[in-house]
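Here the protein sequences come in this chain order: A and B. Just so you know, we're using our numbering here: the first sequence kicks off at 1 and counts up by one. Just so you know, we're using our numbering here: the second sequence kicks off at 96 and counts up by one. Glycine is no exception: its CB is placed at the ideal position from the N, C-alpha and C atoms. Have a look at the structure below before the remarks.
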Amino acid sequence: MSLTREQVEKIATLARVELAADVTTEVTENMSRIIDFFDTLNDVDTDGVAPMAHPLDMTQRLRADEVSEHNERDKFQQSSAQTEGGLYLVPKVIE
Amino acid sequence: MHRLSVLELSRGLAAGDFSSVEITRHFLDRIGSSNDLLNAFITVTEERALEQAAAADQRIKQGTAHALTGIPIAHKDILCVDGVRTTCASKMLESFVAPYSATVVEKLDQVGAVMLGKTNMDEFAMGSSNENSCFGPVRNPWDVSRVPGGSSGGSAAAVAARLVPISTGTDTGGSVRQPAALTGTTGIKPTYGRISRYGMIAFASSLDQAGVIGQSAADAALMLETMCGFDTKDSTSSQQPVEALHNELEGDLKGLRIGVPDVFFAEGLSDGVKAQVEAALNVFESQGATLLQVSLPHLHLSVPAYYVVAPAECSSNLSRFDGVRFGHRCDNPKDLDDLYRRSRSEGFGPEVLRRILTGTFVLSAGYYDAYYKKAQRVRRLINADFQQAFEQVDLIMGPTSPTTAFPLGEKTDDPVSMYLNDIYTVGVSLAGLPAASIPCGLSEGLPVGLHIIGDHFCERKVLSAGHQFQQVTDFHTLRPEGEGA
Numbered sequence: 001m002s003l004t005r006e007q008v009e010k011i012a013t014l015a016r017v018e019l020a021a022d023v024t025t026e027v028t029e030n031m032s033r034i035i036d037f038f039d040t041l042n043d044v045d046t047d048g049v050a051p052m053a054h055p056l057d058m059t060q061r062l063r064a065d066e067v068s069e070h071n072e073r074d075k076f077q078q079s080s081a082q083t084e085g086g087l088y089l090v091p092k093v094i095e
Numbered sequence: 096m097h098r099l100s101v102l103e104l105s106r107g108l109a110a111g112d113f114s115s116v117e118i119t120r121h122f123l124d125r126i127g128s129s130n131d132l133l134n135a136f137i138t139v140t141e142e143r144a145l146e147q148a149a150a151a152d153q154r155i156k157q158g159t160a161h162a163l164t165g166i167p168i169a170h171k172d173i174l175c176v177d178g179v180r181t182t183c184a185s186k187m188l189e190s191f192v193a194p195y196s197a198t199v200v201e202k203l204d205q206v207g208a209v210m211l212g213k214t215n216m217d218e219f220a221m222g223s224s225n226e227n228s229c230f231g232p233v234r235n236p237w238d239v240s241r242v243p244g245g246s247s248g249g250s251a252a253a254v255a256a257r258l259v260p261i262s263t264g265t266d267t268g269g270s271v272r273q274p275a276a277l278t279g280t281t282g283i284k285p286t287y288g289r290i291s292r293y294g295m296i297a298f299a300s301s302l303d304q305a306g307v308i309g310q311s312a313a314d315a316a317l318m319l320e321t322m323c324g325f326d327t328k329d330s331t332s333s334q335q336p337v338e339a340l341h342n343e344l345e346g347d348l349k350g351l352r353i354g355v356p357d358v359f360f361a362e363g364l365s366d367g368v369k370a371q372v373e374a375a376l377n378v379f380e381s382q383g384a385t386l387l388q389v390s391l392p393h394l395h396l397s398v399p400a401y402y403v404v405a406p407a408e409c410s411s412n413l414s415r416f417d418g419v420r421f422g423h424r425c426d427n428p429k430d431l432d433d434l435y436r437r438s439r440s441e442g443f444g445p446e447v448l449r450r451i452l453t454g455t456f457v458l459s460a461g462y463y464d465a466y467y468k469k470a471q472r473v474r475r476l477i478n479a480d481f482q483q484a485f486e487q488v489d490l491i492m493g494p495t496s497p498t499t500a501f502p503l504g505e506k507t508d509d510p511v512s513m514y515l516n517d518i519y520t521v522g523v524s525l526a527g528l529p530a531a532s533i534p535c536g537l538s539e540g541l542p543v544g545l546h547i548i549g550d551h552f553c554e555r556k557v558l559s560a561g562h563q564f565q566q567v568t569d570f571h572t573l574r575p576e577g578e579g580a
């Protein structure tokens, strides 16, 4: 199937990315080709086949709820563009 | 000195023929003179390397050395190293200094390996040519007008040009094996879950697996063995006991049953690659192995299935890059949504954005069943094909890549043609199998890789077959000549 410009713009909003107008045209073409290519998956009948999310049959391990890490907030926040008093700063959300 | 294998360097260090500081300086000098051309390293950590080398020399003197103590290595720039810039070849992480080390990095630090630096790669490991790096493409030492493969292209080029004797890589859909094939090096990715993913920047979590690119199966076995093992910090780390690999590769090929799928030799395979791979299979046969035809009836669907599953997981994993906690942040955001959207668009390159968008699409309401679930069902069929084949054979072999290294720029305009380059590798990744690529000759002066695939947790069988082949052939000792060498 081919995608419309509006569909690509909606996907970009869902993915929280900004596409310039000229980029959207190219992305729409490329994605349509990719999605077309995905349609070859319909060549095979998969009725009754369980989806496989993971290559090994393993169950999620559990562990005791004990503290295993220490607080390294200051170190981790050095990677952030803007922090203050241990908080991450973003543009005002609530007026 | 750079002509020596890791095992030879290790023996030389033990015998006192040279020190780790000496060989570390030697390889740093080689990086210094060749990296401008090849662009294999993003970051060179000279000071850290010389400190590690001096400590290694002490340890060797004290008699507490491991076989890798004092051996120069490189890490793909997807692995976090505490205090060292870790970029994933993305503008998003251009100035990110990792606050902790990956388990793999810690394990290799503990045995005393010496990290020379961080290697170039496709951005966030998404690519098959190493052209998607924000630091520019890596060039193939065999022909600098050609790609080294990807995404671990920097690691492969660095080993091929002997800027480092061995390197880590990571493989989501072929990112260790395909660049190994295109650069004449030996690459292995183990079974999914063998090596901890902790500290390895995530692309597609049900597929990502670290591996090794080196000069021979014997060298790769030594480093791989050191990297494997259960880790509580990785929720999908396997608890299967790790087999000894190093020094355990001897044996013979008599009676080995090798499956040869006809689909690996179908349309799209270049004549030159086909001839070398068939000749390699004849070598195995002449050593007493039996070749059996096996059928993988759904393998032709592995590329579309992979390019649904991997971008879906990518779109989810990369949602963490929000411009707030780490990574690139846009200037003067007008509100929070603008901050997210512009930071992400400015920080990610075109292929990463394409995969985020494709992944978001296949997971979106109305398309989830038709694409994502469908691909997951096909994934089960592909896995079942391999499991059925392994009831009849010990290993499966074929080409790693349909062509030799292609010219830079040849496939950058056509994503589907670039994706089809992964035809032999992505099915193995979807099934989580261990697989290696070993050099099996040249076609028009460019290396060809033989793909050796094993059943789950059979790394030793894969490496042992590669090692036996390398005992009776010398393709792995061929080196590039000319300006890239």
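{"Item": "Chain B residues whose Cβ lies nearer than 9 Å to that of Val27 of chain A", "Value": "Pro445, Leu448, Arg449, Leu452"}
{"Item": "The ligand SAH heavy atom lying under 7 Å from the CB of Met322 of chain B", "Value": "Annotation note on the ligand SAH: not contained in the displayed structure, which lists no ligands."}
{"Item": "At least 3 beta-carbon pairs within less than 8 Å: the region 256-264 of chain B vs the region 169-179 of chain B", "Value": "yes"}
{"Item": "Contacts of Thr455 of chain B in chain A (Cβ-Cβ under 7 Å)", "Value": "Ile11, Leu14, Ala15"}
{"Item": "Integer Cβ distance of Gly268 of chain B from Leu302 of chain B, believed to fall under 8 Å", "Value": "7 Å"}
{"Item": "Three-state class that DSSP yields for Cys409 of chain B in the structure shown", "Value": "helix"}
{"Item": "Candidates B:Leu132, B:Arg106, B:Ser228, B:Gly306, of which the one nearest Val200 of chain B by Cα", "Value": "B:Gly306"}
{"Item": "The region 551-571 of chain B touching the region 504-513 of chain B, judged by at least three CB pairs closer than 8 Å", "Value": "no"}
{"Item": "Phe38 of chain A, enclosing alpha helix (DSSP H) - first and last residue", "Value": "21-38"}
{"Item": "For Leu89 of chain A and Thr281 of chain B, the rounded distance between their alpha carbons", "Value": "47 Å"}
{"Item": "Spatial neighbours of Ala299 of chain B in its chain, beta-carbon cut-off 6 Å, leaving aside the 5 residues before and after", "Value": "Thr267, Ala405, Glu408, Cys409"}
{"Item": "Extent of the continuous alpha helix (DSSP H) run through Ala151 of chain B", "Value": "141-157"}
{"Item": "Residues near Gly165 of chain B by beta carbon distance below 7 Å, same chain, minus five either side", "Value": "Leu108, Ser115, Ala148, Ala151, Asp152, Ile155, Gly207, Val209"}
{"Item": "From B:Ala252, B:His551, B:Cys553, B:Ile451, residue whose alpha carbon lies closest to that of Ala15 of chain A", "Value": "B:Ile451"}
{"Item": "Beta-carbon gap between Leu391 of chain B and Asp314 of chain B smaller than 8 Å", "Value": "no"}
{"Item": "6 Å CB neighbourhood of Asn130 of chain B in its chain, flanking five on each side removed", "Value": "Phe136"}
{"Item": "Sub-8 Å separation of Ala500 of chain B and Val254 of chain B beta-carbons", "Value": "no"}
{"Item": "Classification of Glu419 of chain B by the beta-carbon crowding that lies within 10 angstroms, buried from 16 upward", "Value": "In the sequence on display, residue 419 of chain B carries Val and not Glu. Buried."}
{"Item": "6 Å Cβ shell around Leu396 of chain B - same chain, five flanking residues per side excluded", "Value": "Val473"}
{"Item": "Residues that Ser330 of chain B contacts on chain A, provided the C-beta gap is smaller than 9 Å", "Value": "Gln60, Arg61"}
{"Item": "Distance between beta carbons of Ala470 of chain B and Leu41 of chain A, contact taken as under 8 Å", "Value": "6 Å"}
{"Item": "Cutoff 7 Å; reference Glu103 of chain B; Cβ partners in own chain excluding five residues on either side", "Value": "none"}
{"Item": "Per DSSP, the bridge partner or partners of Ala531 of chain B", "Value": "B:Ile283, B:Ile547"}
{"Item": "Proximal residues to Gln388 of chain B (C-beta, below 7 Å), its chain only, five neighbours per side dropped", "Value": "Val355, Asp357"}
{"Item": "Supposed close pair Ala252 of chain B, Arg234 of chain B - CB separation, criterion 8 Å", "Value": "7 Å"}
{"Item": "Neighbourhood of Glu446 of chain B by C-beta, 7 Å cutoff - its chain only, sequence neighbours within 5 removed", "Value": "Glu218, Met221, Gly222, Asn227"}
{"Item": "Proximity test, Cβ basis, 8 Å: Asn478 of chain B and chain A", "Value": "yes"}
{"Item": "Burial state of Asn342 of chain B (16 or more Cβ within 10 Å)", "Value": "exposed"}
{"Item": "Unbroken beta strand (DSSP E) run spanning Ala84 of chain B, endpoints", "Value": "It is not possible to answer for residue 84 of chain B, since the shown part of chain B is limited to 96 through 580."}
{"Item": "Val557 of chain B, enclosing alpha helix (DSSP H) - first and last residue", "Value": "554-567"}
{"Item": "Neighbourhood of Gly442 of chain B by C-beta distance below 7 Å, restricted to the same chain and skipping five residues each side", "Value": "Ser185, Lys186, Met187, Phe416, Gly422, His423"}
{"Item": "Option nearest Asp57 of chain A by Cα separation, candidates B:Gly577, B:Asn478, B:Ser496", "Value": "B:Asn478"}
{"Item": "Cβ neighbour criterion (16 or more within 10 Å) applied to Met1 of chain A", "Value": "exposed"}
{"Item": "Inter-residue spacing [alpha-carbon to alpha-carbon] between Met216 of chain B and Ser105 of chain B", "Value": "28 Å"}
{"Item": "Per-residue contacts from Asn30 of chain A into chain D (C-beta, under 8 Å)", "Value": "Given the protein chain composition of this structure (A and B), no chain D is represented."}
{"Item": "Validate contact between the region 373-385 of chain B and the region 424-441 of chain B using beta carbons, cut 8 Å, 3 pairs", "Value": "no"}
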